[in-house]
Amino acid sequence: MVSHKERFEITTEPDSSAKGLASKSHTSEDGTVTPAMSGRKLYRLVGVSLGLLCILQAALNISLHLALYSSDAPDHDAVFRNLTEERDQLKRKLNTFDSSDAPDHDAVIRNLKEERDQLKRKLNTFDSSDAPDYDAVIRNLTEERDQLKRKLNIFDHYTQEGWRYFRSSFYFISSVKKSWGDSRDDCLQKGADLVIINSKEENEFTRQFRRLFWIGLTDTETEGTWKWVDGTLLSTTTSYWHAGEPNSYFSTNEDCGETKFHEVEDNWNDEKCHWQNFWICEKKVA
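Read in order, the letters of the sequence shown correspond to residues 114 to 399 in my numbering.
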């Protein structure tokens, strides 16, 4: 027979299974919310709120990034279209040049076309994934295009003015006669100077015009010391004096150089600077 005390202990001692069930239940028998349930709901609300805040922050960062990128970055497709259009315009202009305008005109056209084709290949093969600095690529393409445009503009200008092109220089052949000094002044006013002949090929180029021309050679500073108009001394390896020339030692004041004996390679002569002659201006281009 169980005593009252024992029955009390049995009925009041918590049962482990009952305790587990109580901890899992959401409400008590009378329907009220237990403290455990309130804490779990609060944690869930806090977690959801933090998650939403993170999502909103990420969306804001993406929006700001897109806004900044769209405002600072160029329209790459538009840039390519513009460059391509300008390239094609340059191509058409190159193709309209007449090679009869200059003896070495074909070589000029080939060089310019090679530069144009290099630009074209860069435009057609460019992959933004291979070049992280997209703006640098655009700058390089723009610089190449501008250099090509400048060369074409220079070429167009001088050929229209009647200049002849040969090996990176333009040459103006006068149609009237002047003294050596006046001839040089005319060249300087054109942004050029009297021709400096520093190769066999250039000497052959000047011979083909079959005229007496002043060239940019003089010994007015020191008798017998021949200098070009840019101040450099005449090299013995690239001088083309005719036999017996220069002979200003015997005929006084023949201090200026000219091309005279066109039938032979050594065709230079020294002459009095005040005499009237045709002349050749030379404008070097980079």
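Ideal Cβ positions, reconstructed from N, Cα and C, are used throughout, including at glycine. Fair warning: this is a prediction, and the values are worked out from it, not measured in the lab.
What is the DSSP secondary structure of residue i, counted as helix, strand or coil?
| i | result |
| --- | --- |
| F326 | strand |
| G294 | helix |
| Y353 | coil |
| A215 | In this prediction, A215 has a pLDDT of 47, which is less than 50 and means its spatial position is unreliable; what the coordinates show is noted afterwards. Coil. |
| F391 | strand |
| A135 | For A135, the pLDDT reaches just 40, beneath the cut-off of 50, and the residue's location in the model is therefore unreliable, leaving the point undetermined. |
| T331 | strand |
| D230 | helix |
| L346 | strand |
| K396 | strand |
| K340 | strand |
| N253 | helix |
| T272 | helix |
Grab the span of the alpha helix (DSSP H) containing residue i for me, first residue to last.
| i | result |
| --- | --- |
| K313 | 313-320 |
Hey, residue i and residue j are a contact pair by Cβ (cut 8 angstroms); roughly how many whole angstroms apart?
| i | j | result |
| --- | --- | --- |
| W276 | C369 | Going by Cβ atoms, the distance from W276 to C369 rounds to 23 angstroms, so no, they are not a contact pair. |
| R258 | E314 | About 31 angstroms separates the two Cβ atoms, so there is no contact after all. |
| E367 | K385 | 6 angstroms |
| L203 | L265 | 6 angstroms |
Quick check on residue i - is its C-beta less than 7 angstroms from some C-beta in chain B?
| i | result |
| --- | --- |
| W354 | Structure shown: chain B not included; a single protein chain is present. |
Let's see if you can read the secondary structure: which residues bound the beta strand (DSSP E) around residue i?
| i | result |
| --- | --- |
| D383 | 381-384 |
| T372 | 369-372 |
| I286 | 282-286 |
Classify residue i: buried if its beta carbon has 16 or more other beta carbons within 10 angstroms, exposed otherwise.
| i | result |
| --- | --- |
| A191 | exposed |
| S282 | buried |
| D343 | exposed |
| V398 | exposed |
| T365 | exposed |
| L301 | exposed |
| T288 | Note that residue 288 corresponds to Ser in the displayed sequence, not to Thr. Classification of S288: exposed, given that the 10 Å Cβ count is below 16. |
| T345 | exposed |
| T351 | exposed |
| S296 | buried |
| A249 | exposed |
| T335 | exposed |
| T331 | buried |
| Q389 | exposed |
Do residue i and residue j have their C-beta atoms within less than 7 angstroms of each other?
| i | j | result |
| --- | --- | --- |
| H387 | R323 | no |
| G329 | W341 | yes |
| F326 | I393 | yes |
| R320 | N380 | yes |
| N316 | I310 | yes |
| F391 | K303 | no |
| E228 | L261 | yes |
| Y284 | E395 | yes |
| L347 | W354 | no |
| L232 | R200 | yes |
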